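Visitor: Those protein sequence lines, which keep their order, are chains Z and X.
Position in the first sequence (first residue = 1) + 1320 = the numbering used here.
Position in the second sequence (first residue = 1) + 1320 = the numbering used here.
C-beta atoms are modelled at their ideal positions from N, C-alpha and C, and glycine is treated no differently.
Everything numeric in this text was worked out from a predicted model, so none of it was measured.
Here it is, the structure, as structure tokens.
There are 2 protein chains.
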Amino acid sequence: MSNSTLMEKLNWRYATKKMDPSKAVPQEKVDQIVETIRMAPSSSGTQPFELFVITNPEIRADIRKVGWDQTPITEGSHLLVFAAWDNYSADRIDAVTAQMTEARGELPLLNQYYEKLKATYLPRDAQTNHDHAARQAYIALGFAMAAAAELDVDCCPMEGFDAAKVDEILGLKEKGLRSVVLLPLGYRQDGADWLLPMKKVRKAKEAMVTEIA
Amino acid sequence: MSNSTLMEKLNWRYATKKMDPSKAVPQEKVDQIVETIRMAPSSSGTQPFELFVITNPEIRADIRKVGWDQTPITEGSHLLVFAAWDNYSADRIDAVTAQMTEARGELPLLNQYYEKLKATYLPRDAQTNHDHAARQAYIALGFAMAAAAELDVDCCPMEGFDAAKVDEILGLKEKGLRSVVLLPLGYRQDGADWLLPMKKVRKAKEAMVTEIA
């Protein structure tokens, strides 16, 4: 059996530390990556995060300043910022239920399900709920990186930034959001990246996978 | 431009609530999904989680009992359990550094990087570190779901289970692991799943994506 596209691309992709500022990712490829993020599954279908797609040079320069001066933030053509809900709320979950009802019709089981979800989520502290929301954003991050690889687009996932400062730059607090991870998109600059010639390192299957038959 | 394989499959995949117990996922497809998980990127390359691939019927029955009796746990052919590190430790990070050094040679910058990482991670509380590790597992979960879709394999991500009980069943605590998400693999049972005929619901792009140009 031949490998599928994604599997073939997993050795090609790498965390691109040096991007070529002269090459922009075509908008149609960015649109497909964004669409993958939008279609990614999430716990109970809440999609508890928002995505910011930033091309504005000044704002990216500001983010780079609070992002350990990592060059892909400005040398890529598009900066994706994943911002997870700061908390679950009745309004946010009711909006999910309303959209489900609009698409699928009135279903008593569906309403019961989301009432139960509110009873579980709402008493929890904000940090626990934000952490849960962030995990859902990371599923979408995985989808985005897989899609980028399939489309021969480079990217570099980044957790190394001052999240409070990025929130300030993008006005996220007022929106009930907290930035959790950055993903610059662009193209690798051959010959300029110390990481590119390095051997890709992953644990051996035996070191991380246990089969229980 | 034609869409890539992953993008085409995003409307086909869904959280498969009813799997056909008579159909097993071929081992070569399972192997490819596992390989995708192994190759998924993680923060600083630590791959801070392990994967359990369970076919054993008794153990899956035990997990189903503490997993809200969700049928895909036993009706799929393979149950993947993602278990994140309970904490970062000097030993765990030193093992990552050692493997990098073995693959790439002795690099002073690499050693400095991981010494700095230890200085950041080790003073943090275990829950913060576990949450960070869990997010990395969710990137791999995203990769696994994308790979499954490409291979026409159904799956159903599940957070609804008693994690402490699953940890007990699999002896995870002794290994410094905590189960974070389950992913049964199998094949949809047409006509038997209430969710399959339902319209897929996702937020509109305008509701979750902001472009800043």
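(1) With a cut-off of 8 Å on the beta carbons, I'd call P1504 of chain X and I1379 of chain X a contact; round off their distance for me.
(2) By DSSP, does P1428 of chain X sit in helix, in strand, or in coil?
(3) So is F1481 of chain X in contact with chain Z if we call contact Cβ pairs under 9 Å?
(4) Note down the Cα distance separating K1338 of chain Z from V1501 of chain Z, rounded to an integer number of angstroms.
(5) Under a three-way DSSP split, which group does S1499 of chain Z fall into?
(6) Helix, strand or coil: how does DSSP classify F1481 of chain X here?
(7) Indicate whether at least one CB of chain Z lies closer than 9 Å to the CB of A1335 of chain X.
(8) Assess contact between the stretch 1431-1449 of chain X and the stretch 1411-1418 of chain X, defined as three or more Cβ pairs (one per stretch) separated by less than 8 Å. Is contact present?
(9) Where do the N-terminal and C-terminal ends of the beta strand (DSSP E) with T1530 of chain Z fall, by residue?
(10) Listed in chain order, which residues of the stretch 1494-1526 of chain Z have Cβ atoms closer than 7 Å to some Cβ of chain X?
(11) Answer with buried or exposed for E1422 of chain Z, where buried requires no fewer than 16 other C-beta atoms within 10 angstroms of its C-beta.
(12) Could you check which residue in Z:A1484, Z:L1461, Z:A1466 and Z:A1469 has the C-alpha nearest to that of E1370 of chain Z?
(13) Taking a cut of 8 Å between CB atoms, which residues from the stretch 1362-1391 of chain X lie near chain Z?
(14) How close, in whole Å, do the beta carbons of A1524 of chain X and T1356 of chain X come, if the pair is a contact with beta carbons under 8 Å?
(15) Using only alpha-carbon positions, find the residue among Z:N1449, Z:M1478, Z:T1448 and Z:E1470 that is nearest to Q1456 of chain X.
(16) Which residue marks the beginning of the alpha helix (DSSP H) containing L1330 of chain Z, and which one marks its end?
(17) Compare the C-beta of E1426 of chain Z with all C-beta atoms of chain X and state if any pair is closer than 9 Å.
(18) Could you give the distance in angstroms between the alpha-carbon of Q1390 of chain X and the alpha-carbon of P1428 of chain X?
(19) Use the C-beta contact count for L1497 of chain Z: other C-beta atoms within 10 angstroms, 16 or more gives buried, fewer gives exposed.
(20) Nearest to L1516 of chain Z by CA position, among Z:E1328, Z:Y1334 and Z:E1426, is which residue?
(21) Can you name the start and end residues of the alpha helix (DSSP H) that A1467 of chain X belongs to?
(22) If you draw a straight line from the alpha carbon of Q1367 of chain X to that of L1399 of chain Z, how long is it in whole angstroms?
(23) Applying the criterion that 16 or more other CB atoms from any shown protein chain within 10 Å of the CB defines a buried residue, is K1349 of chain Z buried or exposed?
(24) Give me the DSSP bridge partner(s) of V1373 of chain X.
(25) Quick one: list the residues of chain Z neighbouring A1460 of chain X, beta-carbon separation under 8 Å, in chain order.
(26) Once DSSP output is grouped into helix, strand and coil, what is the label at M1518 of chain X?
(27) Alpha carbons only, please: which of X:D1445, X:A1483 and X:A1469 is nearest the one belonging to L1330 of chain X?
(28) Can you tell me the Cα-Cα spacing of A1404 of chain Z and T1440 of chain X, whole angstroms?
(29) Look up R1508 of chain X in the DSSP assignment and give the residues it is bridged to.
(30) Have a look at X:E1395, X:P1361 and X:F1402 and flag the residue whose alpha-carbon is nearest the alpha-carbon of T1375 of chain X.
(31) Using three-state DSSP, classify D1474 of chain Z as helix, strand or coil.
(32) I'd like the list of long-range same chain contacts for A1360 of chain Z, defined as Cβ closer than 6 Å, with 5 residues on each side in sequence excluded.
(33) Report the option in Z:T1325, Z:A1344, Z:S1363 and Z:M1327 whose CA atom is closest to the CA atom of I1449 of chain Z.
(34) Check this for me: beta carbons of I1383 of chain Z and V1486 of chain Z, under 9 Å apart or not?
Guide: In brief:
(1) Start at 1 with the first residue of the second sequence, and residue 1504 of chain X comes out as number 184. Start at 1 with the first residue of the second sequence, and residue 1379 of chain X comes out as number 59. Actually they are not in contact, since the Cβ atoms of P1504 of chain X and I1379 of chain X sit about 13 Å apart, beyond 8 Å.
(2) Position 108 of the second sequence holds residue 1428 of chain X. Of the three classes helix, strand and coil, the one that applies to P1428 of chain X here is helix, per DSSP.
(3) For this step, residue 1481 of chain X is matched to residue 161 along the second sequence. No - not a single Cβ of chain Z is within 9 Å of the one on F1481 of chain X.
(4) Along the first sequence, one-based indexing puts residue 1338 of chain Z at 18. Along the first sequence, one-based indexing puts residue 1501 of chain Z at 181. Roughly 18 Å between the two C-alpha positions.
(5) By one-based count along the first sequence, residue 1499 of chain Z stands at place 179. For S1499 of chain Z, the three-state secondary structure derived from DSSP is strand.
(6) Position 161 of the second sequence holds residue 1481 of chain X. In the three-state DSSP reduction, F1481 of chain X falls in the coil class, being neither helix nor strand.
(7) Start at 1 with the first residue of the second sequence, and residue 1335 of chain X comes out as number 15. Yes, A1335 of chain X counts as interfacial toward chain Z.
(8) By the criterion of at least three beta-carbon pairs nearer than 8 Å, the stretch 1431-1449 of chain X is in contact with the stretch 1411-1418 of chain X.
(9) Your numbering for residue 1530 of chain Z matches position 210 in the first sequence. It spans V1529 to I1532 - the beta strand (DSSP E) in which T1530 of chain Z sits, taken as one unbroken run.
(10) Hits within the stretch, in order: M1518, K1519, V1521, R1522, K1523 and K1525.
(11) Within the first sequence, the letter at position 102 stands for residue 1422 of chain Z. With a 10 Å radius around the Cβ and a threshold of 16 neighbouring Cβ atoms, E1422 of chain Z comes out exposed.
(12) Your numbering for residue 1370 of chain Z matches position 50 in the first sequence. Closest by alpha carbon: Z:L1461.
(13) Answer set for the stretch 1362-1391 of chain X: S1363, G1365, Q1367, F1369, E1370, L1371, F1372, V1373, I1374, T1375, N1376 and I1379.
(14) Residue 1524 of chain X sits at position 204 when you count from the first residue of the second sequence. Residue 1356 of chain X sits at position 36 when you count from the first residue of the second sequence. Incorrect: roughly 29 Å between the Cβ atoms, too far for contact.
(15) In the second sequence, residue 1456 of chain X corresponds to position 136, counting from 1. The residue with the shortest Cα to Cα distance from Q1456 of chain X is Z:M1478.
(16) Here residue 1330 of chain Z is taken as the residue at index 10 of the first sequence, counted from 1. Segment: none, L1330 of chain Z is in no alpha helix (DSSP H) and carries neither H nor E.
(17) Here residue 1426 of chain Z is taken as the residue at index 106 of the first sequence, counted from 1. Not a single C-beta of chain X is nearer than 9 Å to the C-beta of E1426 of chain Z.
(18) Taking the first residue of the second sequence as position 1, residue 1390 of chain X is located at position 70. Taking the first residue of the second sequence as position 1, residue 1428 of chain X is located at position 108. Near 50 Å, if we compare the C-alpha coordinates of P1428 of chain X and Q1390 of chain X.
(19) Here residue 1497 of chain Z refers to the residue found at position 177 of the first sequence. A residue is called buried once 16 or more other Cβ atoms fall within 10 Å of its Cβ, and L1497 of chain Z is buried on that count.
(20) Position 196 of the first sequence, counted from the first residue, corresponds to residue 1516 of chain Z. Closest option to L1516 of chain Z, judged by alpha-carbon separation, among Z:E1328, Z:Y1334 and Z:E1426: Z:Y1334.
(21) For the purposes of this step, residue 1467 of chain X is taken as residue 147 along the second sequence, with counting starting at 1. Element bounds for A1467 of chain X: A1446 to E1470.
(22) Locating residue 1367 of chain X in the second sequence gives position 47, where the first residue counts as 1. Locating residue 1399 of chain Z in the first sequence gives position 79, where the first residue counts as 1. Between Q1367 of chain X and L1399 of chain Z, the C-alpha separation is close to 24 Å.
(23) Position 29 of the first sequence, counting from 1, holds the residue named residue 1349 of chain Z. K1349 of chain Z is buried by the Cβ-count criterion.
(24) As a first step, residue 1373 of chain X is located in the second sequence; it is residue number 53 there, counting from the start. Z:E1531 and X:L1400, per the DSSP bridge assignment.
(25) As a working note, residue 1460 of chain X is residue 140 in the second sequence. Identification of chain Z residues near A1460 of chain X by a Cβ-Cβ cut-off of 8 Å yields G1462, ordered along the chain.
(26) The sequence position of residue 1518 of chain X within the second sequence is 198, counting from 1. M1518 of chain X falls in the coil class under three-state DSSP.
(27) Translated into positions along the second sequence, residue 1330 of chain X becomes position 10. Out of X:D1445, X:A1483 and X:A1469, X:A1469 has the C-alpha closest to the C-alpha of L1330 of chain X.
(28) One-based indexing of the first sequence puts residue 1404 of chain Z at position 84. One-based indexing of the second sequence puts residue 1440 of chain X at position 120. Taking the straight line from one Cα to the other gives about 23 Å.
(29) Here residue 1508 of chain X refers to the residue found at position 188 when the second sequence is read from its first residue. Here R1508 of chain X is bridged, per DSSP, to X:M1339.
(30) Within the second sequence, the letter at position 55 stands for residue 1375 of chain X. The option with the nearest alpha carbon to T1375 of chain X is X:E1395.
(31) Taking the first sequence and counting its residues from 1, one reaches residue 1474 of chain Z at position 154. In the three-state reduction of the DSSP assignment, D1474 of chain Z falls in the strand class, which pools E and B.
(32) Position 40 of the first sequence, counted from the first residue, corresponds to residue 1360 of chain Z. Taking A1360 of chain Z as the centre and dropping the five residues before and after it, the same chain places the C-beta of I1459, A1460 and F1463 closer than 6 Å to its C-beta, in chain order.
(33) Counted from its first residue, the first sequence places residue 1449 of chain Z at position 129. Just to set this straight, residue 1449 of chain Z is Asn in the shown sequence, not Ile. Ranking the options by Cα distance to N1449 of chain Z, first place goes to Z:S1363.
(34) Position 63 of the first sequence, counted from the start, is the residue given in the question as residue 1383 of chain Z. Position 166 of the first sequence, counted from the start, is the residue given in the question as residue 1486 of chain Z. Contact flag set, yes.
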